[in-house]
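Novice:
Protein chains: 2
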Amino acid sequence: MMRKEAEPPATGSRAWQRRQRVAQILASAERVFAEAGFEGASMSALAAAAGLPKANLHYYFGTKEALYTALLDSILDLWLSATDSIRPENDPAEALAAYIHAKMRWSRTRPYASKVFANEVLHGAPYLGSYLAGDLRTLVREKSRVLEGWIAEGRMDPVDPPHLFFAIWAMTQTYADFGAQIRAVLDRPDLTAQDHARGTETVLRLVLKGCGLRFGAAESPGK
Amino acid sequence: MMRKEAEPPATGSRAWQRRQRVAQILASAERVFAEAGFEGASMSALAAAAGLPKANLHYYFGTKEALYTALLDSILDLWLSATDSIRPENDPAEALAAYIHAKMRWSRTRPYASKVFANEVLHGAPYLGSYLAGDLRTLVREKSRVLEGWIAEGRMDPVDPPHLFFAIWAMTQTYADFGAQIRAVLDRPDLTAQDHARGTETVLRLVLKGCGLRFGAAESPGK
DNA sequence: GTCTATATGACGATAGAC
DNA sequence: GTCTATCGTCATATAGAC
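Sequence order for the protein chains is A and B. With the working numbering applied, the first sequence has no gaps in its numbers, which climb one by one up to 1497 at the end. With the working numbering applied, the second sequence has no gaps in its numbers, which climb one by one up to 1497 at the end.
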């Protein structure tokens, strides 16, 4: 389950066309898998979403499971990419704020990707287990060491780094994964920009003040 | 979808026996639905988990959907019960800490119930939607008013109350719903008591300090 | 009330014409 | 490469003996 993009094929070539089709199928499948889960997403529904007969999906991916794992694979890239700001030489408050902003933005712009990931983990990560115990564990250990450095230097309070990551993931992804609940409680058909701003502000406040860092945002922007 | 327990039938009566059977089926179904989702949980699997032929499940519940909604219904009671501590006359720090402890305990002791609920909401809450927009919305409004009172009295920082609830729900339930991910990252077959203690401490720290309240726990108990 | 045996339909997957 | 028609399997649900 490692993605490795060799040099992409020339635009318009047969291989390029195939890749376009595959990308288009994966894009439409994201929503279907997100809303119905793996078992609930039928090949008919996936085909309808892609605007193709279902035989074509089997032509491109072979099995439903292969289509699903290809989708998971494409989603993983997004998951890992946002931690760049967490580096020893950066300011803790700025680094954590940038990370939270990136994760909140991801929940807003890619809710279906988040839900596919959530559904997979919720059901025990049968396909993603080795990735979680591999790349993700390595990443968390690496970034935890950065946080431990900041703590040792007295630049932030002694928060348990892995659990801090669990908390940040949970708070930010909940706006995608549990969006139905949040919309119901707030009584909105869709979350507004202000809702997202308030959510981001709340997460920033809890994490930054919780880590003993400055929290400089305005109290309630746009209230 | 409103539960209303009239006076329970006498012990040993026919109605009592039936209720026992129903409770037993629901208890075993919780795990199956949690691990496989609604579509992934087959009546055969549900029957095997209950130790009964699948025809019996149809005898007691009629349809798979009815069995599922009965289970959801039984889980909702748990969801609403933990907010008692949040009342105007209580101390904000103690009230929030008690709520967080209750939610964390629930994640540890009833992970399957949490997952069934999470799966339902993740897929758009098709059966639970009216409850979310009804009872839960009412509860959040009521408790938010308590928090707003505390804020107005200067007893805590001006945190957006509904978003604070979303954050607390997310952080506490993640230990059940995303347990597979947490176990993988921490490299444990099961979370230890210490893992749970550290998770609880982290959530308490973020919420209490994030709200400008005292956070009195030891730095790292049992380290 | 309990269970075996089965009806009915939807599913993933494929064969084969184009 | 694309699509229609169809195969075999497994799902939910039920009929009917005990």
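We put the CB at the ideal spot given by N, CA and C, even for glycine.
1. Indicate the three-state DSSP secondary structure (helix, strand or coil) for W1360/B in the structure shown.
2. Please confirm whether L1320/B and L1331/B have their CB atoms less than 9 angstroms apart.
3. Beta-carbon separation of A1356/A and A1308/A under 9 angstroms?
4. Starting from K1512/A, find everything on chain B with Cβ-Cβ shorter than 7 angstroms and list it in chain order.
5. Quick test of the definition: if touching needs 3 or more C-beta pairs under 8 angstroms, does the stretch 1428-1439 of chain A touch the stretch 1458-1475 of chain A?
6. Can you have a look at P1385/B and say buried or exposed, based on whether 16 or more other CB atoms are within 10 angstroms of its CB?
7. So, do the stretch 1365-1378 of chain A and the stretch 1466-1480 of chain A have three or more beta carbon pairs nearer to each other than 8 angstroms?
8. Applying the 10 Å Cβ sphere with the 16-neighbour rule, what's the burial state of Y1449/B?
9. Give the secondary structure of D1501/A by DSSP, where H, G and I count as helix, E and B as strand, and everything else as coil.
10. Counting only beta-carbon separations shorter than 9 angstroms, does Y1449/B have a partner in chain A?
11. Measuring straight from C-alpha to C-alpha, what distance separates F1489/A and D1351/B?
12. Is E1427/B helix, strand or coil when you go by DSSP?
13. Cβ closer than 9 angstroms: which chain A residues qualify as neighbours of K1483/B?
14. Got a sec? Which residues, its chain only, sit under 7 angstroms from S1418/B by beta carbon, not counting five neighbours each side?
15. Can you tell me whether T1337/B is helix, strand or coil according to DSSP?
16. Just how far apart, CA to CA, sit E1394/B and L1487/A?
17. Just mark Y1333/B as buried or exposed, buried being the case when its beta carbon has 16 or more other beta carbons within 10 Å.
18. Looking only at its own chain, which residues have a Cβ that is under 6 angstroms from the Cβ of W1424/B, when we skip the five neighbours before and after it?
19. For R1411/A, which option in P1282/B, A1369/B and V1459/B has the closest C-alpha, if you only look at C-alpha atoms?
20. Residues in the stretch 1449-1480 of chain B with C-beta within 8 angstroms of chain A's C-beta atoms, listed in sequence order?
21. Quick one: Cα of A1444/B to Cα of A1444/A, how far?
22. At which residues does the alpha helix (DSSP H) containing H1375/A begin and terminate?
23. Quick check on A1407/B - is its C-beta less than 9 angstroms from some C-beta in chain A?
24. Grab me the residues of T1446/A's own chain with a C-beta within less than 8 angstroms of its C-beta, minus the 5 sequence neighbours each way, in chain order.
25. If we ignore side chains and look at the alpha-carbon of each, how far apart do R1361/A and Y1342/A end up?
26. Comparing the C-beta of L1410/A with each C-beta of chain B, is any distance below 9 angstroms?
27. What residues from chain A crowd round P1436/B, counting only those whose CB sits closer than 7 angstroms?
28. With a CB to CB cut of under 7 angstroms and the five nearest residues on each side skipped, what residues in its chain are close to A1492/A?
29. Using only the alpha-carbon positions, how far apart do G1311/A and A1441/B sit?
30. By the criterion of Cβ-Cβ separation under 9 angstroms, what are the contact partners of A1441/B in chain A?
31. Do L1370/A and L1413/A have their C-beta atoms within less than 9 angstroms of each other?
32. Pull up the distance between the alpha-carbon of S1359/A and that of L1480/A, whole angstroms please.
33. Given P1432/A, which residues of its chain have a CB within under 6 angstroms of its CB, disregarding the five upstream and five downstream residues?
34. Give a yes or no on whether 9 angstroms exceeds the smallest Cβ distance from N1393/B to chain A.
35. Taking C-alpha atoms, which residue in D1409/B, P1327/B and F1452/B lies nearest to K1389/A?
Specialist: Walking through what the data contain:
1. One detail in the question is off: residue 1360/B reads as Ile in this sequence, not Trp. Note: I1360/B maps to coil in three-state DSSP.
2. yes
3. no
4. Within the shown structure, residues of chain A are numbered from 1275 to 1497, placing residue 1512/A beyond reach of any answer.
5. no
6. buried
7. yes
8. buried
9. Because residue 1501/A is not part of the residues shown, which for chain A are 1275 to 1497, the question remains open.
10. yes
11. 37 angstroms
12. coil
13. D1431, L1480, K1483, G1484, C1485 and G1486
14. P1435 and P1436
15. coil
16. 37 angstroms
17. exposed
18. P1366 and M1430
19. V1459/B
20. Y1449, D1451, F1452, A1454, Q1455, I1456, A1458, V1459, L1460, D1461, R1472, G1473, E1475, T1476, V1477, R1479 and L1480
21. 5 angstroms
22. P1366 to T1383
23. yes
24. I1374, K1377, M1378, W1380, S1381 and V1477
25. 34 angstroms
26. yes
27. V1459 and L1460
28. Residue placement at A1492/A is flagged as unreliable, the pLDDT there being 49, under the threshold of 50; a coordinate-derived value is accordingly withheld.
29. 24 angstroms
30. A1441, A1444, M1445, T1448, G1473, T1476, V1477 and L1480
31. no
32. 19 angstroms
33. I1425
34. yes
35. F1452/B
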